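The block underneath contains the structure these notes are about, expressed in structure tokens.
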């Protein structure tokens, strides 16, 4: 039996899918355990394998893929110190092309995951979200924050602009009204309107925010604000971070 790792978190899955120019469903034909002098830098509790695999389907890859591929994989050993049974098993691999025909390279040590029906659907859904025309851009950091107090106690609005990889406008807003819970939203555009909403957990927009935003609003973001307005903006930013919740990333990204 193959040791089944815990299902990738949504953040882990997007991390892999976003970085990989090639995603394929493969069935392992053969493995060769490399000798120690051929496998430098293998982490403890692992063995480096030379893998030959038949491609069941190419899920992502503009340049196509050979029907038979080869790659190196550092396999985690089981409780007995043995390599798990991999021959004839199906996996999803996140890779980049190698230097020779049919040769590929995993983008990370954990970029081979069991190809269960659920995981295949999750990967296809993630890739579709990443290439959608309205996909939210990567977040690089925070820009300026602004706060306007209302005319009565407990009323106010905060707007925080984000810096994005492609320069597209993204902003966060928090609206407070007396006797109502604060409402926060994210806008993908120049105008914040009533259609703006908070993102649903487990969506690409949620991932872009939860896994990219710093835990606190930096001083430079509120440098032009009065003290009271800066404190209000910081409080509203904390509300957003708490509402987003943990990113859920369990793997180390490069």
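Numbering (this note's numbering), first residue to last: 17 to 270.
C-beta: ideal position from N, C-alpha, C; glycine also.
Predicted, not measured: the structure shown is a model, and the values here were computed from it.
Would you kindly check if the distance between the Cβ of residue j and the Cβ of residue i is under 8 Å?
i: residue 224; j: residue 152; result: yes
i: residue 47; j: residue 102; result: yes
i: residue 84; j: residue 94; result: no
i: residue 142; j: residue 33; result: yes
i: residue 42; j: residue 110; result: no
i: residue 200; j: residue 256; result: yes
i: residue 238; j: residue 251; result: no
i: residue 203; j: residue 214; result: no
i: residue 249; j: residue 241; result: yes
i: residue 113; j: residue 38; result: yes
i: residue 139; j: residue 75; result: yes
i: residue 170; j: residue 185; result: no
i: residue 36; j: residue 73; result: no
i: residue 197; j: residue 190; result: no
i: residue 162; j: residue 174; result: yes
The beta strand (DSSP E) that contains residue i, what's its start and end?
i: residue 40; result: 38 to 49
i: residue 179; result: 172 to 180
i: residue 229; result: Careful: residue 229 lies outside any beta strand (DSSP E) and carries neither H nor E.
From the DSSP secondary-structure annotation, give me the bridge partner or partners of residue i.
i: residue 89; result: 65
i: residue 25; result: None, per the DSSP bridge assignment.
i: residue 190; result: 174 and 200
i: residue 76; result: 39
i: residue 57; result: According to DSSP, residue 57 bridges with nothing at all.
i: residue 157; result: 179
i: residue 238; result: DSSP, once it has assigned bridges, lists no residue as partnering residue 238.
i: residue 31; result: For residue 31, which the question treats as bridged, DSSP gives no partner whatsoever.
i: residue 70; result: 43 and 84
i: residue 130; result: 107
i: residue 165; result: 172
Grab me the residues of residue i's own chain with a C-beta within less than 6 Å of its C-beta, minus the 5 sequence neighbours each way, in chain order.
i: residue 166; result: 172
i: residue 90; result: 58, 62, 64 and 125
i: residue 104; result: none
i: residue 270; result: Because residue 270 sits at a pLDDT of 49, beneath the cut-off of 50, its placement in the model cannot be relied upon, and the point is left open.
i: residue 68; result: 45, 46 and 86
i: residue 26; result: 218
i: residue 254; result: none
i: residue 55; result: 64
Take residue i and list the residues in its own chain whose beta-carbon comes closer than 7 Å to its own, dropping the five residues that flank it on each side.
i: residue 177; result: 159, 160 and 187
i: residue 20; result: Bear in mind that a pLDDT of 45 at residue 20, under 50, signals an unreliable position, so the number given afterwards is only what the model happens to contain. Correct list, in chain order: 130.
i: residue 28; result: 265, 266 and 267
i: residue 168; result: 194
i: residue 145; result: 151 and 220
i: residue 24; result: 129
Since residue i is in the alpha helix (DSSP H), which residue starts that stretch and which ends it?
i: residue 254; result: 243 to 260
i: residue 145; result: 133 to 147
Cutting at 8 Å between CB atoms, please list the residues of its own chain near residue i, excluding the five before and the five after it.
i: residue 99; result: 47, 49, 63, 65, 91 and 93
i: residue 18; result: Annotation note: pLDDT 41 at residue 18 (below 50); position unreliable, coordinate value reported separately. Taken in chain order, the residues that qualify are 100, 101, 102, 105 and 130.
i: residue 231; result: 257
i: residue 81; result: 38, 40, 71, 74 and 120
i: residue 122; result: 87, 88, 89, 109, 110, 111 and 128
Using a threshold of 7 Å, is the CB atom of residue i nearer than that to any non-hydrogen atom of the ligand ZN?
i: residue 237; result: With respect to small molecules bound, the structure shown includes none, and the ligand ZN cannot be examined in it.
For this session: Let me know the beta strand (DSSP E) ranges lying completely inside the segment 196 to 220, each 3 residues or longer, listed in chain order.
Result: 199 to 203
Problem set entry | beta strand (DSSP E) segments (min. 3 residues) lying fully within the segment 95 to 128 | The qualifying runs are 106 to 113 and 120 to 122.
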